[in-house]
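In my numbering, the protein residues as written are 19 to 275. Note that CB positions come from ideal geometry on N, CA and C, so glycine has one too.
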């Protein structure tokens, strides 16, 4: 007894009459497109063994006359796939170039920061290079009033008490606090620029032992520039670089020029 399905009966060389003979049983067996597709996927040489069936197939055309060239159709599909791959590769290359350029800019910025000879020199770098690189409108340093930094370092900075500082870095804001500024109390930290401040990033500055010295404030007039949930790896890195520099100033003399 032959238990094969109608589709399985077409595994040998098939004529036009054979197709007609299996048409009715196919309908009765409720053959689905998925079943046909699966069968053809498992028998990739089916049309090679049954070339006469091609005359009954409706295929994509590649010419106005309706003539289909399987090789041309396959070549066109491969061409489209190649174009998609080339497009993705071009995007990856451009992304890599952009990342390399950004990395080079960050390296230069870090070297400038480490080369600062005084707080005033560092503040100048922050107002120009750092503000441009981080796309912010205003930068300033907030230092703890009782930090071990020399007075000449503190005199050019905003001074905050320990209680205010601790509130800024509560919870998950261990190294960086990202804030959208909603009220005057939050904006008060930014002194003369408070009226224009809409969001900020506060980068915690510490000694090598982890004792807080203060925070670098990056301030923007755009409310969505900094916000909770935003990535902060680069900000943490810059904060650590400045911490490394200022940690030396707790024990080494510095000028104010």
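Could you tell me how far apart the beta carbons of residue i and residue j are, in whole angstroms, since I believe they sit closer than 8 angstroms?
i, j, result
"residue 16", "residue 243", "Any question about residue 16 goes unanswered here, given that the chain covers just 19 to 275."
"residue 196", "residue 250", "6 angstroms"
"residue 198", "residue 241", "5 angstroms"
Spell out the partners DSSP gives residue i in its beta bridges.
i, result
"residue 230", "224"
"residue 57", "DSSP lists no partner for residue 57."
"residue 158", "235"
"residue 178", "162"
"residue 62", "Partner(s): none; residue 62 has no beta bridge."
"residue 195", "220"
Going by C-alpha distance, which of the options is nearest residue i?
i, options, result
"residue 229", "204, 258 and 251", "258"
"residue 163", "266, 99 and 183", "183"
"residue 175", "199, 235 and 126", "235"
"residue 217", "201, 60 and 210", "201"
"residue 231", "241, 248, 211 and 178", "178"
Is the distance from the Cβ of residue i to the Cβ of residue j below 8 angstroms?
i, j, result
"residue 194", "residue 253", "yes"
"residue 161", "residue 267", "no"
"residue 131", "residue 143", "yes"
"residue 221", "residue 233", "yes"
"residue 156", "residue 103", "no"
"residue 239", "residue 214", "yes"
"residue 265", "residue 226", "yes"
"residue 223", "residue 260", "yes"
"residue 159", "residue 141", "yes"
If you pair each beta-carbon of the stretch 160-175 with each one of the stretch 133-152, do three or more pairs fall below 8 angstroms? Flag = yes, the stretch 160-175 and the stretch 133-152 touch.
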